[in-house]
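Enquirer: Before I ask anything, let me first share the structure, which is written out below as structure tokens.
In the numbering used here, the protein residues as written are 2 to 566.
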């Protein structure tokens with residue numbers, strides 16, 4: 002016979018389900034929050050894999066600064082999350098330097114092979130550069146990016162920063178759930194290329210959740226980089242192995258392309274949003290699309306619209322469509338084109354673009370403005386006030402499938418993002434940087450650092466950057482809630498590779514948007530489509546300007562962790 006206490010507990014639980022809709026809802030914060038923010042005084046790290054976060058914290062506790070911690074975490078992620086990043090890919094970073102009290106931007110993306118001409122694609126009859134194989138491979142810039150960051154801001158020897166990843170690569174680590182899932186997806190796409198199985202297989206297949214994975218080849222590569230510096234990668238044995246492998250596969254990336262590679266320090270660009278300055282890097286990335294979206298959204302009373310309303314979703318989607326038309330036409334390597342950047346991120350331009358939005362009807366297409374003339378994100382912060390916003394990727398998960406013999410990593414396929422139209426700003430050319438999707442972000446207020454954040458995920462990134470900012474500023478969410486909140490994704494816009502939107506694309510909404518909102522969006526002419534796993538991955542650190550205390554947040558859609566001390 003059940004006790005009265007048991008019945009009372011059961012009745013209370015049923016009431017909780019009845020009123021909350023979920024017996025496991027948190028008792029504080031927004032109903033969609035997955036966890037509390039992490040709060041710490043001395044340092045903070047947020048990455049998409051817990052072991053990488055712990056490595057970053059260990060570096061901070063050993064006396065390293067935020068830049069040291071970011072490099073160590075990125076090296077670790079290249080091992081534990083090769084499904085999203087690695088030294089075969091590129092890197093971008095925004096650094097808040099506490100000494101100079103200013104932001105510094107780094108573009109460490111690579112260029113196309115000098116020996117590959119547009120005529121080769123024409124001879125093959127290609128209208129688009131393939132996603133996989135040797136043709137989309139460009140110079141990997143990540144290692145040079147590490148050394149650029151280290152030379153300018155680092156405090157610990159590079160050998161110490163790479164040591165944790167080297168030890169884990171030799172001794173092994175258990176693969177986490179989402180990364181195991183993406184291993185299986187990547188195997189289906191690129192597992193047949195030479196070198197992939199030898200590098201990534203465990204017991205006859207890619208690792209499953211909980212399998213212990215080792216990568217001794219990557220450990221040896223990291224050791225060469227640690228002792229020989231960036232030249233060991235771009236001018237030494239590693240470069241020779243990459244060049245020989247690419248020649249065997251019918252590719253065009255050569256030793257000379259690697260040996261001549263350079264990164265660029267660039268000035269971050271900003272637009273104000275209701276008193277906050279949001280910072281992105283200039284093209285060849287897509288960061289300023291987030292600024293363009295926010296400039297248009299600032300002209301709406303977003304707070305009054307309310308989070309999740311059809312008016313809010315509609316206005317956001319139309320603002321995104323407008324920004325992405327400019328993205329498709331203009332964003333490219335700035336060494337090859339004079340781009341109207343100042344115009345695109347101006348408030349005056351936003352005013353003219355806002356007038357094109359009909360609040361009762363979804364547009365099937367927009368024109369670009371008039372003019373003449375799978376990824377990882379991490380962020381770190383230290384006791385001195387330095388903060389790093391860093392993003393690094395191979396593109397399309399593990400990249401091109403080109404896995405150079407015995408090096409432990411896959412080369413990126415960023416070259417896929419060139420257009421093959423001769424008159425396009427982003428047209429393929431030798432020695433040119435392709436359009437890039439990966440973008441770090443930063444927010445300051447009154448000239449002081451506030452938030453370092455990013456949201457990985459291809460074309461979703463500027464959309465999610467803008468949504469995070471509005472969640473924080475318009476809707477009053479905390480740092481974790483701003484990432485956990487249900488997201489809006491518009492797909493089908495015109496692309497920098499030449500595709501044009503003529504049907505308005507389609508809108509995907511995560512769970513949490515009401516049936517009424519969905520019906521009203523259909524009434525405005527939007528096409529709705531359910532998708533899974535396309536909504537990005539968020540990491541963020543916020544600094545309290547009064548106390549210096551750090552708040553950390555990590556994406557509930559990934560395997561990651563925010564931690565501090």
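All C-beta atoms, glycine included, are put in the ideal place defined by N, C-alpha and C.
To the nearest angstrom, report how far apart residue 437 and residue 430 are at their CA atoms.
Expert: Near 15 Å, if we compare the C-alpha coordinates of residue 430 and residue 437.
Enquirer: Among 102, 326 and 158, which residue has its Cα nearest to the Cα of residue 500?
Expert: Out of 102, 326 and 158, 326 has the C-alpha closest to the C-alpha of residue 500.
Enquirer: From the DSSP output, in three-state form, read off residue 553 for me.
Expert: Note: residue 553 maps to strand in three-state DSSP.
Enquirer: Leaving out the 5 sequence neighbours to the left and right, which residues in its chain are closer than 7 Å to residue 251 when beta-carbon positions are compared?
Expert: Hits under 7 Å: 135.
Enquirer: Strictly by DSSP, which residues pair up with residue 278?
Expert: Beta-bridge pairing links residue 278 to 273 and 445.
Enquirer: Do residue 277 and residue 470 have their C-beta atoms within less than 9 Å of each other?
Expert: Their beta carbons are under 9 Å apart, which means residue 277 touches residue 470 by this criterion.
Enquirer: Kindly indicate which three-state DSSP category residue 22 falls into: helix, strand or coil?
Expert: Because the pLDDT of residue 22 is 36, which lies under 50, any placement of that residue in the model is unreliable, and the question is left without a value.
Enquirer: Using the C-alpha atoms, what's the distance from residue 293 back to residue 328?
Expert: Cα-Cα distance, rounded: 10 Å.
Enquirer: Within 10 angstroms of its Cβ, does residue 319 collect 16 or more other Cβ (buried), or is it exposed?
Expert: Buried is the call here.
Enquirer: Applying the criterion that 16 or more other CB atoms from any shown protein chain within 10 Å of the CB defines a buried residue, is residue 178 buried or exposed?
Expert: Flag for residue 178 reads exposed.
Enquirer: Going by beta carbon distance, what residues of the same chain come within less than 6 Å of residue 407, once the five residues before and after it are set aside?
Expert: Result list for residue 407: 218, in chain order.
Enquirer: Among the residues of its own chain, which have a CB less than 7 Å from the CB of residue 559, if the five just before and after it don't count?
Expert: Once the five neighbours on either side are set aside, the close Cβ partners of residue 559 are 49, 179 and 538.
Enquirer: Taking the alpha carbon of residue 494 as the reference point, which residue from 322, 335, 481 and 369 has its own alpha carbon closest?
Expert: It is 322.
Enquirer: Apart from the five residues on each side of it in sequence, which residues of its chain come closer than 8 Å, Cβ to Cβ, to residue 156?
Expert: 64, 65, 66, 68 and 69, listed in sequence order.
Enquirer: Return the first residue and the last residue of the beta strand (DSSP E) that residue 507 is part of.
Expert: It spans 507 to 510 - the beta strand (DSSP E) in which residue 507 sits, taken as one unbroken run.
Enquirer: Classify residue 455: buried if its beta carbon has 16 or more other beta carbons within 10 angstroms, exposed otherwise.
Expert: Buried: at least 16 other Cβ atoms inside 10 Å.
Enquirer: Can you list, in chain order, the residues of its chain whose CB lies under 8 Å from that of residue 257, leaving out five sequence neighbours each side?
Expert: Correct list, in chain order: 115.
Enquirer: Figure out for me which residue from 267, 274, 290 and 402 has the closest Cα to the Cα of residue 189.
Expert: Nearest of 267, 274, 290 and 402 to residue 189, Cα basis: 402.
Enquirer: Between residue 93 and residue 440, which are expected to be in contact by the criterion C-beta below 8 Å, what is the C-beta distance as a whole number of angstroms?
Expert: Yes, they are in contact, since the Cβ atoms of residue 93 and residue 440 sit about 7 Å apart, within 8 Å.
Enquirer: Label residue 517 either buried or exposed according to how many other C-beta atoms from any shown protein chain fall within 10 Å of its C-beta, with 16 as the threshold for buried.
Expert: Looking at its Cβ environment, which holds fewer than 16 other Cβ atoms inside 10 Å, residue 517 is exposed.
Enquirer: Of all the options 523, 266 and 56, which has the alpha carbon lying nearest to the alpha carbon of residue 362?
Expert: If we check each option's Cα against that of residue 362, 523 comes out closest.
Enquirer: Pull up the distance between the alpha-carbon of residue 72 and that of residue 41, whole angstroms please.
Expert: Roughly 21 Å between the two C-alpha positions.
Enquirer: Which residue marks the beginning of the beta strand (DSSP E) containing residue 97, and which one marks its end?
Expert: 91 to 98 is the span of the beta strand (DSSP E), which, as asked, contains residue 97.
Enquirer: Opposite residue 390 in the DSSP bridges: which residues?
Expert: DSSP lists 95 and 380 as partners of residue 390.
Enquirer: Report the CB separation of residue 316 from residue 298 in whole angstroms; it is logged as a contact under 8 Å.
Expert: Indeed they touch by this definition, with Cβ atoms about 7 Å apart.
Enquirer: Do residue 412 and residue 395 have their beta-carbon atoms positioned less than 9 Å apart in this structure?
Expert: Going by C-beta atoms, residue 395 is nearer than 9 Å to residue 412.
Enquirer: For the alpha helix (DSSP H) containing residue 1, name the first residue and the last one.
Expert: A question about residue 1 goes unanswered here, because the residues of the chain that appear run from 2 up to 566.
Enquirer: Mind checking which residues open and close the alpha helix (DSSP H) that includes residue 472?
Expert: Residues 461 to 474.
Enquirer: Using DSSP's beta-bridge definition, name the partner residues of residue 48.
Expert: BP columns for residue 48 point to 562.
Enquirer: Please determine, among 269, 234, 78 and 290, the residue with the shortest C-alpha to C-alpha distance to residue 460.
Expert: Ranking the options by Cα distance to residue 460, first place goes to 290.
Enquirer: Using 10 angstroms around the beta-carbon of residue 415, count the other beta-carbons present and answer buried if the total reaches 16, otherwise exposed.
Expert: So residue 415 ends up on the buried side.
Enquirer: For the alpha helix (DSSP H) that contains residue 330, what are its first and last residues?
Expert: Counting along the chain, the alpha helix (DSSP H) containing residue 330 begins and ends at 311 to 331.
Enquirer: Can you tell me whether residue 567 is helix, strand or coil according to DSSP?
Expert: No answer is possible for residue 567: the residues shown for the chain start at 2 and end at 566.
Enquirer: Using CA coordinates, which residue listed in 146, 307, 198 and 129 is at the minimum distance from residue 393?
Expert: When only C-alpha atoms are compared, the closest one is 146.
Enquirer: Looking at the structure shown, is residue 368 part of a helix, part of a strand, or coil, going by DSSP?
Expert: Three-state DSSP puts residue 368 in coil, outside helix and strand.
Enquirer: Tell me whether the beta-carbon of residue 513 lies closer than 9 Å to the beta-carbon of residue 487.
Expert: It is a contact, given that the beta carbons lie within the stated cut-off.
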